[in-house]
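Numbering (the numbering used here), first residue to last: 1173 to 1293.
Cβ coordinates follow ideal geometry from the N, Cα and C atoms, glycine included.
In this text the structure is predicted, and so the values were computed from the model without any measurement.
Below is one structure, written out as structure tokens; the observations come after it.
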């Protein structure tokens, strides 16, 4: 029974240390934000041009909130589904094959065919 109370005491001590560490981290974060606000002269900028500061804050929130991804996602998914449909894949394959065949004729087939059948043109 003594071991259980010792284990519980160690867990309580670890929780206390964790709480202290989180409290210290919170105070350091508040100090860092305060220093950043002083360096950026945030209060002066808010008084001089509040709309610019509001615009920067809105843009930061937009980017951190996901930006246009929630709006564009359904369109992108539909475009990918359409492009990867079997009919479109066959059409893409046929177009690639036709392009390769046309390149083959342009590279060497036409010169030999042109010399052999030059009189027919």
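Problem set entry | DSSP-derived helix/strand/coil call for residue 1214 | helix
For this session: Verify the contact flag: residue 1220, CB atom, against every heavy atom of the ligand GDP, threshold strictly below 8 Å.
Result: In the structure on display, the ligand GDP does not appear, and there are no ligands present to speak of.
Problem set entry | Close beta carbons around residue 1174, own chain, < 6 Å, minus the five adjacent residues each side | Confidence in residue 1174 is poor, its pLDDT being 46 and thus under 50, which makes the residue's placement unreliable; the coordinate value appears in the next sentence. So the list is empty, once near-sequence residues are dropped.
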